[in-house]
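S.K.: Okay, here's the structure, questions in a sec.
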Amino acid sequence: MSLDPATILKHINYLCNYHELVEEKERTKRGRVEEKKKRVKKKKGERRLWQGLQLEEKKKERRKNREGEEEKKGLQPEEKKKKKRQKRGKKRKRGRGLQLLHLCFLQRKQRRCGELGKRKEEEKKRKKRRRERREEGKEREDGEEKKEVAACVDAPLFLARGNRGSAVRRGREERRGGEEKNKKRKMRKRGKNSKGWLWLQQGKKKRERRRGKKKRKGEEENKKKGRRGCSCSSCGLERRRGRKRNKGRRERRERKEGAAAMAAAAGKEEGGREEEKRRRREEKEEEKEAQGCSKGCGWKRRKKNRRGKVEEEKRRRLLLGIHI
1 MSLDPATILK HINYLCNYHE LVEEKERTKR GRVEEKKKRV KKKKGERRLW
51 QGLQLEEKKK ERRKNREGEE EKKGLQPEEK KKKKRQKRGK KRKRGRGLQL
101 LHLCFLQRKQ RRCGELGKRK EEEKKRKKRR RERREEGKER EDGEEKKEVA
151 ACVDAPLFLA RGNRGSAVRR GREERRGGEE KNKKRKMRKR GKNSKGWLWL
201 QQGKKKRERR RGKKKRKGEE ENKKKGRRGC SCSSCGLERR RGRKRNKGRR
251 ERRERKEGAA AMAAAAGKEE GGREEEKRRR REEKEEEKEA QGCSKGCGWK
301 RRKKNRRGKV EEEKRRRLLL GIHI
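Counting from 1, position 142 in the sequence shown corresponds to residue 142 in the UniProt record's numbering; the numbering is continuous, with no gaps.
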């Protein structure tokens with residue numbers, strides 16, 4: 001080790017004056033002992049009073065000194081007390097819930113610092129997640145509002161064209177696609193591409209395949225038996241229509257609904273919806289009559305009975321009106 005010349009000189013001076021320093025210490029010790037001997041011993045009561053007075057005087061002096069210092073600094077005593085309390089509170093909060101008794105001081109301090117660091121990191125992560133969720137929610141709300149506005153603006157155009165349903169369907173599909181993309185993004189962030197997640201997805205796909213097989217099997221059995229679907233619910237077999245036929249019927253209905261809505265909005269027709277419902281009901285009944293039922297259920301009979309009841313009710317109301 002290389003020492004500076006100044007430090008070397010200090011050491012030399014200390015060694016030269018070592019005996020003088022020792023003598024001074026001994027002198028001070030002797031002086032204290034002599035002072036103690038000179039003191040007059042007081043009685044117990046007098047000693048207590050004297051000690052109490054001394055303490056009070058000391059306290060007063062301390063208060064004065066404190067007030068003087070605070071006045072110099074420009075702080076009031078109450079404000080200073082508040083600051084002290086706040087500092088204490090912060091210290092307590094830092095070490096809250098960390099009762100590590102069976103460790104030495106240094107180990108405890110290290111552990112506490114580590115715990116605090118972990119806690120801070122977790123809080124940061126939580127805040128980040130909350131912020132991301134808020135942003136995603138805002139984006140979704142903005143997108144929904146834009147779609148609603150677009151739907152309101154383009155509604156008369158769709159109605160006029162008679163293509164309202166298909167546009168609504170398209171919008172729904174787009175929304176679903178956006179939701180799926182968001183889900184995938186979230187999964188990537190959370191690390192969902194793990195083995196457990198893949199296993200769950202595989203199970204889901206298997207279940208879907210099984211359902212499809214069962215459905216196809218049932219259809220094949222019905223074809224073999226030569227069963228024909230019935231329109232009425234009393235038979236317990238629902239009619240299976242082809243996709244194209246369903247699609248054409250749906251488009252026709254949507255066009256009719258669009259035309260009825262336009263007429264109602266313009267004020268040309270009143271009660272257009274009710275008429276449309278009635279017309280649709282009649283069409284369904286005609287279809288049922290045309291198809292008939294292979295099982296021979298009493299659908300026509302029930303229909304006649306229903307009509308008879310309705311006519312009787314009308315007659316009764318008319319009679320009551322006349323009598324009144």
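Think of the CB as a built atom: it goes at the ideal place given N, C-alpha and C, for glycine as much as any other residue.
#1: From residue 25 to residue 86, what distance separates their C-alpha atoms?
#2: State yes or no: is the C-beta of residue 276 within less than 8 angstroms of the C-beta of residue 265?
#3: Mark residue 143 as exposed unless 16 or more other C-beta atoms lie within 10 angstroms of its C-beta, in which case mark it buried.
#4: Around the Cβ of residue 254, are there at least 16 other Cβ atoms within 10 angstroms (buried) or fewer (exposed)?
#5: Below 8 angstroms between beta carbons: does that hold for residue 123 and residue 182?
#6: If you run the structure through DSSP and keep just helix, strand and coil, what is residue 318?
#7: Just how far apart, CA to CA, sit residue 55 and residue 65?
#8: In angstroms, rounded to a whole number, what distance separates the CA positions of residue 288 and residue 318?
#9: Classify residue 258 as buried or exposed, calling it buried when 16 or more other Cβ atoms lie within 10 Å of its own Cβ.
#10: Measuring only the C-alpha atoms, how far is residue 313 from residue 306?
#11: State the start and end residues of the unbroken alpha helix (DSSP H) segment that holds residue 9.
#12: Less than 8 angstroms between C-beta atoms, sequence neighbours within five positions excluded: which residues of the same chain meet that for residue 58?
#13: Pull up the distance between the alpha-carbon of residue 82 and that of residue 119, whole angstroms please.
#14: In angstroms, rounded to a whole number, what distance separates the CA positions of residue 128 and residue 141?
#15: Report all residues from its chain with a CB closer than 7 angstroms to the CB of residue 256; omit the five preceding and five following residues, and keep chain order.
#16: Rounded to the nearest angstrom, what separates residue 15 and residue 60 at their Cα positions?
#17: If you draw a straight line from the C-alpha of residue 316 to the C-alpha of residue 251, how long is it?
M.R.: Answer, in terms of the structure:
#1: 45 angstroms
#2: no
#3: exposed
#4: buried
#5: no
#6: helix
#7: 15 angstroms
#8: 32 angstroms
#9: buried
#10: 11 angstroms
#11: 5-16
#12: none
#13: 28 angstroms
#14: 20 angstroms
#15: 276
#16: 45 angstroms
#17: 42 angstroms
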